[in-house]
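Numbering (this note's numbering), first residue to last: 158 to 451. Ideal Cβ placement from N, Cα and C applies to all residues, glycine included.
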Amino acid sequence: MQEYFVSVTKLPLALGSKGLIDRHTNTTDTNPLGGHSKQADRLGRNAHAKMGMDMNMGMGMDMSSDSAAFVDTNSSIARSYWYIIAAVLGFTALLRIFQIVETRAKLRLAKLRAVEHPTQPRNALTQAFATGSAILREIAGPKYHINNRWVSWLSPPSLGRSLIVIIYMSVILYMLLWRSITFDAYYYEKVAFRAAWVSVTQVPFVYLLASKASLIGLLSGSSHERINWLHRWVSRTLLATVTVHGGFFYAEWYRADLVEVELQMMTMVKYGIGAWSVLAWTFITSLMPIRSFS
Numbered sequence: 158m159q160e161y162f163v164s165v166t167k168l169p170l171a172l173g174s175k176g177l178i179d180r181h182t183n184t185t186d187t188n189p190l191g192g193h194s195k196q197a198d199r200l201g202r203n204a205h206a207k208m209g210m211d212m213n214m215g216m217g218m219d220m221s222s223d224s225a226a227f228v229d230t231n232s233s234i235a236r237s238y239w240y241i242i243a244a245v246l247g248f249t250a251l252l253r254i255f256q257i258v259e260t261r262a263k264l265r266l267a268k269l270r271a272v273e274h275p276t277q278p279r280n281a282l283t284q285a286f287a288t289g290s291a292i293l294r295e296i297a298g299p300k301y302h303i304n305n306r307w308v309s310w311l312s313p314p315s316l317g318r319s320l321i322v323i324i325y326m327s328v329i330l331y332m333l334l335w336r337s338i339t340f341d342a343y344y345y346e347k348v349a350f351r352a353a354w355v356s357v358t359q360v361p362f363v364y365l366l367a368s369k370a371s372l373i374g375l376l377s378g379s380s381h382e383r384i385n386w387l388h389r390w391v392s393r394t395l396l397a398t399v400t401v402h403g404g405f406f407y408a409e410w411y412r413a414d415l416v417e418v419e420l421q422m423m424t425m426v427k428y429g430i431g432a433w434s435v436l437a438w439t440f441i442t443s444l445m446p447i448r449s450f451s
């Protein structure tokens, strides 16, 4: 991916330098008969060689360093995504362990009849846990439902699930835009490559959420059916980032009139269009009106 980025990003500079070299060599002397003299031809060839070597060295050094830094940034963002996922799962696992220990302690107290009300919190920690759990349940409960029978399937999820989806999409949007928006000749490519990294790093999470017996279900204590809604929304976010990836590349190729050239030269472009089509079809068939026909 890094080599492809370097080769593609040299194209605008190379096209711009061609006119500069031609203008330089057109100033050579001509003989009285109207043709170029040998000395002028030699000077022209030397100018071509010198300017070409200088520009290749300069562009090669600049673009290699720029693309390497850009790849490092994208790789760091991809890793930070999984750091966040691991932190959330770790915190969820700790809460579940605490809940299991607390439940067993209450059952033991009830069996021994050591206290009159074993379900009541016994200290500040259990009181804070019980209060936090009650607040989260109250927040997660409300849900807006559209009563129209034709568009009722567009009803948003509950408030708690909506907040989780909004937070997740906000993180993805931040990763997509951070240090990738530069209004220069490489604007489209930088956003497209960033979207590719953000898309690829989400794929394992989609598979983990789709598995019936996954590490996520084990750590969170939730069944496959209870987290299936999150699988659908993460998949929709993945489709959005993949669309940004392909859309920005297509916009750049269209502006440069290189769409047919890219389709002929780069086999991976056809594979990418096919993969996007599969994702789009999966999204369409997952909608409630389509699923009701099955």
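**OP:** Return yes when the Cβ of residue 376 is within less than 7 Å of the Cβ of residue 436, no when it is not.
**Re:** Cβ atoms of residue 436 and residue 376: not closer than 7 Å.
**OP:** Report the three-state DSSP secondary structure of residue 363 (helix, strand or coil).
**Re:** DSSP, read as helix, strand or coil, puts residue 363 in helix.
**OP:** Kindly give me the distance between the Cβ atoms of residue 354 and residue 235, rounded to whole angstroms, as I take these residues to be in contact under 8 Å.
**Re:** In this structure residue 354 is in contact with residue 235, their Cβ atoms being roughly 5 Å apart against a cut-off of 8 Å.
**OP:** Go through its chain and collect everything with a Cβ distance to residue 302's Cβ below 6 Å, but skip five positions before and after it.
**Re:** Non-local C-beta neighbours of residue 302 in its own chain, meaning closer than 6 Å and more than five positions away in sequence, comprise 312, ordered along the chain.
**OP:** Would you mind working out which of 269, 379, 242 sits nearest residue 360, comparing C-alpha positions?
**Re:** Distance check between residue 360 and each of 269, 379, 242 places 242 closest, using alpha-carbon atoms only.
Original post:
Would residue 337 pass as a contact of residue 351 if the rule is Cβ separation under 7 Å?
Top reply: The answer is yes: Cβ separation under 7 Å.
Original post:
residue 260: beta carbon under 6 Å from a heavy atom of the ligand SAM?
Top reply: For the ligand SAM, the structure offers nothing, since it holds no ligand at all.
Original post:
Whole-angstrom Cβ separation of residue 286 and residue 255, contact assumed at under 8 Å?
Top reply: Confirmed, about 7 Å.
Original post:
What's the C-alpha gap between residue 238 and residue 346?
Top reply: One alpha carbon belongs to residue 238, the other to residue 346, and they sit about 21 Å apart.
**OP:** Locate the alpha helix (DSSP H) running through residue 446, then write down its first and last residues.
**Re:** Start and end: 445-448.
Original post:
Can you tell which of 280, 315, 283, 308 has the C-alpha that lies nearest to the C-alpha of residue 294?
Top reply: Nearest C-alpha to residue 294: 315.
**OP:** Compute the Euclidean distance between the alpha carbons of residue 309 and residue 449, then round it to the nearest angstrom.
**Re:** Answer to the nearest angstrom: the Cα atoms are 13 Å apart.
**OP:** Quick one: give me the first and last residue of the alpha helix (DSSP H) that residue 332 is part of.
**Re:** For residue 332, the enclosing alpha helix (DSSP H) covers residues 316-334.
**OP:** Could you check what DSSP says for residue 280 in three-state terms: helix, strand or coil?
**Re:** Residue state for residue 280 is assigned as coil, using DSSP reduced to three classes.
Subject >> Same chain only: Cβ atoms within 8 Å of residue 440, ignoring 5 sequence neighbours per side >> reply: Counting only Cβ-Cβ distances below 8 Å, and skipping sequence neighbours, we find 392, 393, 396.
Original post:
Alpha carbon to alpha carbon, what distance is there between residue 297 and residue 240?
Top reply: Residue 240 and residue 297: Cα-Cα distance of roughly 25 Å.
**OP:** List the endpoints of the continuous alpha helix (DSSP H) containing residue 306.
**Re:** Counting along the chain, residue 306 falls outside any alpha helix (DSSP H), and DSSP gives it neither H nor E.
**OP:** Measure the beta-carbon distance from residue 283 to residue 259 and round it to whole angstroms, keeping in mind my assumption that it falls under 8 Å.
**Re:** Their Cβ separation, rounded to whole angstroms, is 6 Å, which keeps residue 283 and residue 259 in contact under 8 Å.
**OP:** Alpha carbon to alpha carbon, how far is residue 232 from residue 369? Give it in angstroms, no decimals.
**Re:** If you draw a straight line from the Cα of residue 369 to the Cα of residue 232, it comes to about 30 Å.
Subject >> CB contact flag (residue 365, residue 371, <7 Å) >> reply: In contact: residue 365 and residue 371 (Cβ atoms closer than 7 Å).
Subject >> Beta-carbon proximity check, residue 348 vs residue 405, cutoff 7 Å >> reply: Going by C-beta atoms, residue 348 is nearer than 7 Å to residue 405.
Subject >> residue 438 and residue 399 closer than 7 Å at C-beta >> reply: It is not a contact, given that the beta carbons lie outside the stated cut-off.
Original post:
Hey, is residue 249's beta-carbon within less than 7 Å of any beta-carbon in chain C?
Top reply: The chain inventory of the structure shown lacks chain C, comprising one protein chain alone.
**OP:** Quick one: using the 10 Å Cβ neighbour count with 16 as the cut-off for buried, is residue 431 buried or exposed?
**Re:** Flag for residue 431 reads exposed.
Original post:
Does DSSP put residue 339 in a helix, in a strand, or in coil?
Top reply: DSSP places residue 339 in coil when its eight states are reduced to three.
Subject >> Beta-carbon proximity list for residue 333, same chain, < 8 Å, skipping 5 on both sides >> reply: Answer for residue 333: 348, 351, 352, 355, 398, 401, listed in chain order.
Subject >> residue 413 vs residue 388 beta-carbon contact at 7 Å >> reply: The answer is no: Cβ separation not under 7 Å.
Original post:
Going by beta carbon distance, what residues of the same chain come within less than 6 Å of residue 419, once the five residues before and after it are set aside?
Top reply: These residues qualify, in order along the chain: 410, 426.
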